[in-house]
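Take a look at the structure set out below.
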Amino acid sequence: MLRIAVEQIAALINLVAQLYFFVLIGHIICSWVRADPYQPIVRFIYMVTEPVLSRVRRFIPPIAGLDFSVLVVIVVLQIGVQGFLVRSLYNFARTLG
């Protein structure tokens, strides 16, 4: 019973991380094509991504006009969350039986 719960939590975290990854890709595309900021989907993308990206920008400001904060968040998401946290939870679930 506990094993199933841990596996479901890991799957949920993995799903949220994947969805956030695609929202970040949407943020990149919107910044390239200069999307209309009044469109609901663009507002949603910026509303979801800007709180995280602004915190990263405090430590890594744009260099020569290039904003690397999205890249940093994607790397942390892929390696830290999906690579380490989710994998650790699945391994822990296997030890439960």
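One gets our numbering by counting positions in the sequence shown from 1 and adding 2 to each. The C-beta atom is built at its ideal place from N, Cα and C for all residues, glycine as well.
Distance from the CA atom of Gln84 to the CA atom of Tyr40, rounded to whole angstroms, is 33 Å. DSSP places Val88 outside any alpha helix (DSSP H), giving it a letter other than H or E. Boundaries of the alpha helix (DSSP H) harbouring Val72: 71-77, taken from the DSSP string. Arg36 sits away from Leu98, with the two beta carbons spaced by 7 Å or more.
When Cβ pairs closer than 8 Å are counted between the two stretches, the region 7-27 is seen to touch the region 71-88, the count reaching three or more.
Under the DSSP assignment, Ala66 falls outside any alpha helix (DSSP H); it carries neither an H nor an E label. In the three-state scheme derived from DSSP, where H, G and I count as helix and E and B as strand, Gln41 is classed as coil.
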